[in-house]
């Protein structure tokens with residue numbers, strides 16, 4: 013890592029919140045972001061903030077917007093004009109909140125056993141082809157795909173009857189490069205990683221095990237043919253998968269890296285450059301990486317001659333301890349290169365600028 017040309021982390025502003033934050037997201041096409049979590053009374057708390065000079069100004073502050081604490085939020089299925097925020101809560105509900113009118117416009121039960129651990133959206137604000145959809149991952153082991161226009165899930169992926177359900181911790185859309193193709197990747201507490209093809213009704217396309225519980229999964233971009241997937245886990249490890257080439261027996265090629273010396277809570281790709289991504293650790297650290305492709309991304313398998321993926325390498329661009337507590341959420345601005353909001357368990361939301369990204 014060359015310190016003279018490496019990207020720098022500059023804190024733009026920070027603000028304490030009166031609740032435990034669990035997720036932060038930028039509002040589409042704006043300088044505002046949302047922070048959601050759990051109040052001291054166990055209610056769902058939501059704050060909307062706007063950047064004003066060097067300060068974070070609250071534009072909405074509610075300590076009881078939901079009867080249960082909020083675990084995850086997304087604007088992925090919303091247009092930039094509507095700004096409808098979907099959220100999953102500790103009571104197992106999926107709801108949609110209209111940020112313009114400060115009202116809940118949609119609510120369904122998404123989990124039979126409590127927490128909706130993760131949520132993702134696609135099809136809104138030009139993100140991905142096809143209809144706007146949401147996907148939830150729940151404590152009951154289910155992955156459900158939702159069309160916000162109807163009250164029932166359009167696809168439900170559950171453990172087989174008689175088998176023990178594993179807690180599904182994370183989920184992400186990908187491969188949405190036309191109006192037909194779309195997939196969902198899910199990670200579980202026992203390290204299982206599963207890829208479901210929605211074009212085939214949710215058929216399991218591939219699965220593997222990462223040896224440790226999976227904290228987050230994210231494709232480098234959801235609106236192109238599957239390219240790369242970053243999977244973060246407990247025990248300070250993350251994997252990068254090349255999703256372009258799937259071998260019949262070997263599956264997708266990958267590399268593993270150690271980071272943070274603690275749980276890696278999440279990874280987020282830079283929207284303006286899909287080869288750069290950040291990881292957030294349980295040690296309060298923020299790392300920035302760049303993936304470097306190999307000269308050739310495929311080779312022939314030694315046994316059957318079929319194409320198999322070839323991995324490049326991951327380069328650490330910079331790292332910094334941001335907080336004394338785990339960073340549990342992080343979101344890059346889709347409109348401003350290098351602008352990010354994040355929240356840690358020290359009950360502080362922060363806005364950071366990452367410089368020199370244009371050099372990469």
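In my numbering, the protein residues as written are 13 to 372. Every residue, glycine too, gets a C-beta built ideally from N, C-alpha and C.
- In this structure, DSSP gives residue 371 a helical state, which the three-state scheme calls helix.
- Per the coordinates, the alpha-carbon of residue 99 lies some 24 Å from the alpha-carbon of residue 213.
- The three-state reading of DSSP puts residue 99 in strand, counting E and B together.
- As a beta-bridge residue in DSSP terms, residue 325 pairs with 304.
- Taking residue 108 as reference, the option from 75, 189, 162 with the minimal CA-CA separation is 162.
- Straight-line measurement puts the Cα of residue 243 at about 13 Å from the Cα of residue 264.
- According to the DSSP assignment, residue 156 belongs to the beta strand (DSSP E) that extends over 155-158.
- Excluding sequence positions up to five before and after residue 247, its CB lies within less than 7 Å of the CB of 224, all in the same chain and listed in chain order.
- A straight line joining the alpha-carbon of residue 307 with that of residue 53 spans about 55 Å.
- In the same chain as residue 359, and ignoring 5 residues on each side of it, the C-beta atoms closer than 8 Å to its own belong to 28, 29, 30, 31, 32, 33, in chain order.
- DSSP places residue 311 in the uninterrupted beta strand (DSSP E) bounded by 310-312.
- Looking at the backbone, the Cα of residue 326 and that of residue 304 are separated by about 6 Å.
- An exposed status is given to residue 191, since fewer than 16 other beta-carbon atoms sit within 10 Å of its beta-carbon.
- For residue 33, the uninterrupted beta strand (DSSP E) segment begins and ends at 32-38.
- Residue 371 is classed as exposed because its beta carbon has fewer than 16 other beta carbons within 10 Å across all chains shown.
- Inter-segment contact for the segment 68-79 and the segment 87-94 is absent: fewer than three beta-carbon pairs are separated by less than 8 Å.
- Check the Cα spacing between residue 321 and each of 349, 260, 279: the tightest is with 260.
- Counting only residues of its own chain and dropping the five nearest sequence neighbours on each side, residue 209 has a CB closer than 7 Å to the CB of 195, 215, 217.
- Between residue 180 and residue 153, the beta carbon gap of about 6 Å places them in contact (Cβ cut-off 8 Å).
- In this structure, the alpha-carbon of residue 369 lies about 22 Å from that of residue 236.
- Taking the CA atoms as reference points, residue 119 sits about 11 Å from residue 104.
- In this structure, DSSP gives residue 129 an extended state, which the three-state scheme calls strand.
- Going by DSSP, residue 167 is part of the beta strand (DSSP E) stretching over 165-169.
- The residues 286, in chain order, have a CB closer than 6 Å to that of residue 233 in the same chain once the five nearest residues on each side in sequence are set aside.
- The C-alpha of residue 47 lies about 6 Å from the C-alpha of residue 58.
- The C-alpha of residue 69 is placed about 44 Å away from the C-alpha of residue 219.
- Taken through DSSP and simplified to helix, strand or coil, residue 207 comes out as strand.
- In the structure shown, residue 354 falls within a strand segment according to DSSP collapsed to helix, strand and coil.
- In this structure residue 323 touches residue 267 by the C-beta definition: roughly 5 Å separates them, less than 8 Å.
- The alpha-carbon of residue 117 is positioned some 50 Å away from that of residue 318.
- Beta-bridge partners assigned by DSSP to residue 185: 196.
- Counting the other CB atoms within 10 Å of its CB gives residue 22 a total below 16, which places it among the exposed residues.
- Around the beta-carbon of residue 312, fewer than 16 other beta-carbon atoms lie within 10 Å, marking it exposed.
- Taken atom to atom, the span from the alpha-carbon of residue 336 to that of residue 361 is near 13 Å.
- Its chain contains 230, 289, 290, 342, 343, 344 as the residues whose beta carbon lies nearer than 7 Å to that of residue 280, once the 5 sequence neighbours on both sides are disregarded; these appear in chain order.
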